[in-house]
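Each remark here refers to the structure printed beneath this line.
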Ligand code: GLY
């Protein structure tokens with residue numbers, strides 16, 4: 064697919080208006096609860112502050128404030144802040160690496176917007192928790208499970224989006240260790256997750272005794288050797304953020320390699336299937352969230368590029384966002400309280416380790432990254448990542 068051949072898009076203002084109407088609908092239904100990770104028949108169940116996904120709802124509210132200037136969104140985030148501090152202080156569902164997904168769009172965002180001490184404190188505690196999962200043997204942040212457990216002695220590509228919390232923590236405190244851990248994880252992870260054809264590996268195991276990398280495996284992709292669409296998207300956005308922080312050539316090259324793979328494997332109907340093994344006619348569900356993530360990655364990279372390359376990235380991102388709006392954005396709050404249709408959290412296959420979850424539904428990170436893309440396209444955004 065040639066992105067430059069997609070239709071030009073001038074619908075940003077309309078998309079923002081409609082997105083805000085969706086956020087209003089969700090906020091009226093959620094009250095002080097969080098959106099659950101995925102919708103059920105296009106409506107989000109209410110959730111406590113658990114799982115790896117609640118930060119995206121708080122982040123959506125931060126973005127809605129930025130897009131509208133309406134104080135009500137910030138007031139709603141403010142009411143959630145005690146829950147964010149409580150969660151990390153009392154270790155509620157935080158024995159995993161997803162501290163960035165949880166605390167960057169929520170607390171780092173809110174701190175940047177308001178200077179909230181609670182948000183800053185919670186985000187720094189989350190960064191400490193992420194650092195505590197660093198394994199000297201292997202030089203990586205262990206994604207899931209009990210620390211040191213041989214069955215869980217692995218990193219996953221998604222962690223690239225958790226690292227900005229560590230870079231932020233060093234900027235905030237001047238403590239070098241956060242950044243050092245992020246750099247060591249990056250130096251281990253980037254060469255392992257990238258295949259020669261520029262597709263990506265979802266998870267990579269290490270020998271806990273020697274620290275040697277042993278083998279790649281998928282958890283959420285179709286099979287070990289396939290390219291899970293969202294994993295590829297984490298690779299695109301994650302390497303753009305790594306380039307911003309490190310200026311190391313591997314991050315730059317990985318950004319263009321993963322992006323090229325992603326774009327050149329898009330179907331003619333633009334919205335990717337959940338795994339790039341599938342194409343038009345497969346009958347498999349799509350994952351709109353992966354495209355929203357990639358658009359954000361392109362717009363991040365554009366901020367660090369030469370004029371010509373930045374223009375190309377921004378033009379492509381805008382066209383892709385137009386496709387996302389036309390094909391997936393909810394345009395009527397009577398049918399759903401989500402933002403983006405056609406997401407897939409997890410699709411069971413004979414070769415992966417998940418059950419079907421949120422198949423052809425809205426998901427809360429797709430909603431968030433879609434709003435982030437709209438905010439970025441407006442210009443002048445200070446990233447929460
Ligand atoms: N980080 C988990 C996922 O992308 O499903």
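Residue numbers (the working numbering): 64 to 448. Ideal Cβ positions, reconstructed from N, Cα and C, are used throughout, including at glycine.
- At a threshold of 7 Å, residue 107 does not count as near the ligand GLY, since its beta carbon sits no closer than that to any of the ligand's heavy atoms.
- For residue 409, the enclosing beta strand (DSSP E) begins and ends at 406 to 409.
- Annotated three-state conformation of residue 133 is coil, per DSSP.
- With distances taken between CA atoms, residue 204 lies nearest to 246 out of 368, 183, 246.
- In the three-state reduction of the DSSP assignment, residue 210 falls in the coil class.
- Distances from the alpha-carbon of residue 344 to those of 420, 332, 355 put 332 closest.
- Taking C-alpha positions only, residue 154 is separated from residue 147 by approximately 11 Å.
- The ligand GLY has a heavy atom closer than 7 Å to the beta-carbon of residue 115.
- The three-state secondary structure of residue 205, taken from DSSP, is coil.
- Residue pairing from DSSP places residue 424 in a beta bridge opposite 406.
- Beta-bridge analysis with DSSP links residue 257 to 263.
- Residue 402 and residue 76 have their alpha carbons spaced roughly 15 Å apart.
- In this structure residue 68 is exposed. Its beta-carbon is surrounded by fewer than 16 other beta-carbon atoms within 10 angstroms.
- Within the region 159 to 245, the complete beta strand (DSSP E) segments of 3 residues or longer fall at 217 to 219, listed in chain order.
- Burial state of residue 414 is exposed, judged by a 10 Å Cβ sphere holding fewer than 16 other Cβ atoms.
- By the neighbour-count definition (other C-beta atoms within 10 Å, threshold 16), residue 132 is an exposed residue.
- Closest in C-alpha terms to residue 389, from the list 340, 370, 433, comes 433.
- Taking a contact to require three or more Cβ pairs closer than 8 Å, the region 154 to 168 and the region 184 to 202 qualify as touching.
- In the DSSP assignment, residue 301 falls within the unbroken alpha helix (DSSP H) covering 292 to 309.
- Straight-line spacing of the CA atoms in residue 417 and residue 218 works out to 17 Å.
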